[in-house]
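Colleague:
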Amino acid sequence: MARAREAAQQVVRGVLMGAADVVPGVSGGTVALLLGIYARLIDTVRAGAGVLGALLRGRWREVWARLRGFDWWFAVPLVVGIVVAVVALASVIDELLTDEPEAMGGLFFGLVAASVVVAWKMVENPSARLALTALVVGGLFFWLLGLQSGPVADPTVLALFGSGIVAICAMLLPGISGAFILLMLGVYPAAIAAVDDRVWADLAALGAGAVLGLALFSNLIGRVLHRWHDRTLAVMVGLLLGSLRVLWPWPAGVGVISRHAEESIDGTGLAWAPATDLWLPAILAAAASSLVLVLSRLARSRA
Numbered sequence: 153m154a155r156a157r158e159a160a161q162q163v164v165r166g167v168l169m170g171a172a173d174v175v176p177g178v179s180g181g182t183v184a185l186l187l188g189i190y191a192r193l194i195d196t197v198r199a200g201a202g203v204l205g206a207l208l209r210g211r212w213r214e215v216w217a218r219l220r221g222f223d224w225w226f227a228v229p230l231v232v233g234i235v236v237a238v239v240a241l242a243s244v245i246d247e248l249l250t251d252e253p254e255a256m257g258g259l260f261f262g263l264v265a266a267s268v269v270v271a272w273k274m275v276e277n278p279s280a281r282l283a284l285t286a287l288v289v290g291g292l293f294f295w296l297l298g299l300q301s302g303p304v305a306d307p308t309v310l311a312l313f314g315s316g317i318v319a320i321c322a323m324l325l326p327g328i329s330g331a332f333i334l335l336m337l338g339v340y341p342a343a344i345a346a347v348d349d350r351v352w353a354d355l356a357a358l359g360a361g362a363v364l365g366l367a368l369f370s371n372l373i374g375r376v377l378h379r380w381h382d383r384t385l386a387v388m389v390g391l392l393l394g395s396l397r398v399l400w401p402w403p404a405g406v407g408v409i410s411r412h413a414e415e416s417i418d419g420t421g422l423a424w425a426p427a428t429d430l431w432l433p434a435i436l437a438a439a440a441s442s443l444v445l446v447l448s449r450l451a452r453s454r455a
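Just add 152 to the spot in the sequence shown (first one is 1) and you have the working numbering.
#1: What span of residues does the alpha helix (DSSP H) with ASP349 cover, start to end?
#2: Using the beta-carbon count (16 or more within 10 Å), is GLY166 buried or exposed?
#3: So the candidates are VAL376, ALA156, ARG452, VAL363; which of them puts its Cα closest to the Cα of GLY205?
#4: According to the neighbour-count rule (16 or more other Cβ atoms, all chains shown, within 10 Å of its Cβ), is GLY290 buried or exposed?
#5: Any chance the stretch 391–402 sits against the stretch 255–263, with 3 or more Cβ pairs inside 8 Å?
#6: When the distance is taken between beta carbons, is VAL389 closer than 9 Å to VAL275?
#7: What did DSSP end up calling THR308 once you bin it into helix, strand or coil?
#8: Taking Cβ positions, are VAL376 and ALA242 nearer each other than 9 Å?
#9: To the nearest angstrom, how far is it from the Cα of ALA283 to the Cα of VAL387?
#10: With the cut-off set at 9 Å, would you say GLY330 and ILE344 are in Cβ contact?
#11: Output yes or no for whether 9 Å exceeds the beta carbon distance between ALA255 and LEU248.
#12: Excluding the 5 residues preceding and the 5 following LEU391 in the sequence, name in chain order all residues of the same chain whose CB lies nearer than 7 Å to its CB.
#13: So which of ILE189, ASP306, LEU334 has the shortest CA-CA distance to GLY314?
#14: If you reduce the DSSP assignment to three classes, tell me which class GLU252 lands in.
#15: Ignore the nearest five residues each way along the sequence and tell me which others in ALA367's own chain have a CB closer than 7 Å to its CB.
#16: Output the distance between the C-alpha atoms of THR384 and VAL268, rounded to the nearest integer angstrom.
#17: Leaving aside the five residues before and after ALA311 along the sequence, list all residues of the same chain whose C-beta is less than 6 Å from its C-beta, in chain order.
#18: When DSSP labels each residue in this structure, what does ALA413 get in the three-state scheme?
#19: Check whether the Cβ atoms of VAL351 and LEU337 lie closer than 9 Å to each other.
#20: Quick one, which of PRO253, VAL264, GLN161, ALA265 has its alpha-carbon nearest LEU230's?
#21: Measuring only the C-alpha atoms, how far is GLY359 from LYS273?
#22: Using the beta-carbon count (16 or more within 10 Å), is SER448 buried or exposed?
#23: Between LEU187 and LEU168, is the Cβ-Cβ spacing less than 9 Å?
#24: Give every residue of the same chain whose Cβ lies closer than 8 Å to the Cβ of ILE234, excluding the five residues on either side of it in the sequence, and list them in chain order.
#25: Identify, in the order they occur along the chain, each residue of the same chain with its Cβ nearer than 7 Å to the Cβ of THR196, setting aside the five sequence neighbours on each side.
#26: Would you report the Cα separation of HIS378 and PHE369, rounded to the nearest angstrom?
#27: Return yes when the Cβ of TRP402 is within less than 9 Å of the Cβ of LEU422, no when it is not.
#28: Taking only the alpha-carbon atoms, compute the straight-line gap between ALA425 and VAL164 and give it to the nearest angstrom.
#29: For LEU430, collect the residues of the same chain with a Cβ closer than 8 Å to its Cβ; drop the 5 residues on either side in sequence, then sort them by chain order.
#30: Determine the DSSP secondary structure at ASP354, reduced to helix, strand or coil.
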């Protein structure tokens, strides 16, 4: 009975984490910290990476030993909850990206803008040099995103595989969601549509990339963050700042793949909206920013 109750609690936690990770700018790690399971989550991720690493090296005895010691009662219900949340929300987000790109742009802009503040607060010894690093990286990334024509209308399996690797690596860092990375790479609409339409080949490519990235880079990212903590976070803040170009609500919101016409809608252009169109994206941006800041404060107090 105790095991069943614990599994049910883990499913609920997974649903909350999945709901956070499916939208750009909200980190499932922050939710895990708020729920008091962050340390156990990191230990489980590292254990899973150890299993995958041993499997890739063909060390079968080590694989079996690691599997026997793996925290299955924690991991499996959590993953089930995350999958349930992603599947349930994908259809809603897919339709809103197409029908209300400006409103979704405002929502995502607010989420990521607040994440800039959260990430900067994680810098242990802020300085003018680190602030300049963040600004330079942000300016360069802002310029590079201006060269992007829009989201990828029909990404290849290889592109989705690579996106899965990068997204899972980002999720191992504090304050960045995998959905944000997918949006930055231009494959977020395609990934959401793949979940909504059950495009198993695309989902398999994303999943395989995530598994490989977890196996190869989890320990490396941990070492980099430990050795160059503040500089890594400064670069991350710069990437978040630059990415706001993609999320600016006007003229076309976040940039979407139209389901009504086979075209990409550019999300990197910049314009100012008529006054009558300002209110909804602005309200959503303010509400999203407030949510992220409140969650961050609660998570820090819980930690």
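C-beta: ideal position from N, C-alpha, C; glycine also.
Quick caveat, the model's predicted, so the values are computed rather than measured.
Modeller: So, from the listed chains and residues:
#1: 340–349
#2: With 16 or more Cβ atoms within 10 Å of its Cβ, GLY166 is classed as buried.
#3: Checking every option, the nearest Cα to that of GLY205 belongs to VAL363.
#4: buried
#5: yes
#6: yes
#7: coil
#8: no
#9: 9 Å
#10: no
#11: yes
#12: VAL289, PHE293
#13: LEU334
#14: coil
#15: ALA201, LEU204, GLY205, LEU208
#16: Just so you know, the alpha carbons of THR384 and VAL268 end up roughly 13 Å apart.
#17: none
#18: Low local confidence applies: a pLDDT of 48 at ALA413 is under 50, so the model's placement there is unreliable, and no value is given.
#19: no
#20: GLN161
#21: The C-alpha of GLY359 lies about 32 Å from the C-alpha of LYS273.
#22: Per the 10 Å Cβ criterion, buried.
#23: yes
#24: GLY166, VAL167, MET169, GLY170, ASP173, GLY180
#25: ASP223, PHE226, ALA227
#26: Distance between the alpha carbons of HIS378 and PHE369 is about 14 Å.
#27: The answer is yes: Cβ separation under 9 Å.
#28: 40 Å
#29: none
#30: helix
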